[in-house]
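Residue numbers for the sequence shown follow numbering that gives the first Met the number 0, beginning at 0 and rising by one. Everything below concerns the one structure shown next.
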Amino acid sequence: MDKAGKKVVLITGGTSGIGLAAAVLFLQDGWQVAVMGRDAGKGQEALDYLKKNDGKAGNIGEAVYLQGDVSSMEDCRRAVAETAGHFGRLDALINSAGIYFERAIEDVDEEAFDRMLSVNLKGTYFMTKYAIEIMKKQGSGCIVNVSSDAGLQGNMLCSTYCASKGAVNMFTKAMALELGPFGIRINAVCPGDVLTPLTEAQLLQYPDREQALGEMGSVYPLGRIASPEEVASVIKFLCSREAGFVNGALWSIDGGLT
């Protein structure tokens, strides 16, 4: 615990979607929260949103925003260092930053490929590298990687994304073996479609948003896509004492799709 007796979590991609929903849950549970994102404007909006949603519990933590791009090793190192410097420790890392596009392999150029792997895989890899330096000294820690059902099975026109998330899943399993002896657990969540700003942007490409959303949800046995809060709840659980023996697991959150 830090001097205030609170645990500390760093969330990449924490200014929107699943990352922001997770930040709300951790904050309401009394954690100190650092959210990392590229856009300073969105960072301030995220902090304002967190303040509006911090009245639902009595043991509220503090939230800070860190500007940075996870595709930069230096930004990864700095974000971890600033979090530990500000709060005094680091108990959990949530690797939620990610990008997505649908494209046939013939239409994927080197720049697009490199950007996808740099954010989805490289960012996860090096955020973990720097976080565990602190966690090993503490003798404890928890990491949750936000992967995808696309990391478990192939999806149409998503070869680059599938490759990045499949790599994240195997990285998670490998690191579980490497970090377990140090008291550090690492797991991944593998959601299907989630109603995030990224998904909303996809839906707006269609003439009828509601029809497109219905068609998207129709492939799921539960008949709908997930909310960010549903994924965030599993992330929060994986960082809890109740999940103390869960390590190297890939948790499907896809309404039965896989």
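Even glycine gets a Cβ: it sits at the ideal position worked out from N, Cα and C.
- Straight-line measurement puts the Cα of Val188 at about 13 Å from the Cα of Cys141.
- Residue state for Thr82 is assigned as helix, using DSSP reduced to three classes.
- Under the DSSP assignment, Gly40 falls in the alpha helix (DSSP H) whose first and last residues are Ala39 to Lys51.
- Taking C-beta separations shorter than 6 Å and ignoring five residues to either side along the sequence, the partners of Ala39 in its chain run Gln66, following chain order.
- Counting every other CB atom within 10 Å of its CB across the protein chains shown gives Asp90 a total of 16 or more, marking it as buried.
- In this structure, Gly13 sits near Ser95, with a CB-CB distance shorter than 8 Å.
- Taking the C-beta atoms as reference points, Leu237 is found nearer than 8 Å to Val245.
- For the set Lys50, Ala21 and Gly60, the Cα lying nearest the Cα of Trp30 is the one of Gly60.
- As the crow flies, the alpha-carbon of Val34 is around 20 Å from that of Leu194.
- Scanning its chain for C-beta atoms nearer than 8 Å, with the 5 sequence neighbours on each side dropped, one finds around Ile17 the residues Ser95, Val145, Pro190, Val193, Thr195, Pro227, Val230, Ala231 and Ile234, in chain order.
- Between the alpha carbons of Ile133 and Lys6 lies a gap of roughly 14 Å.
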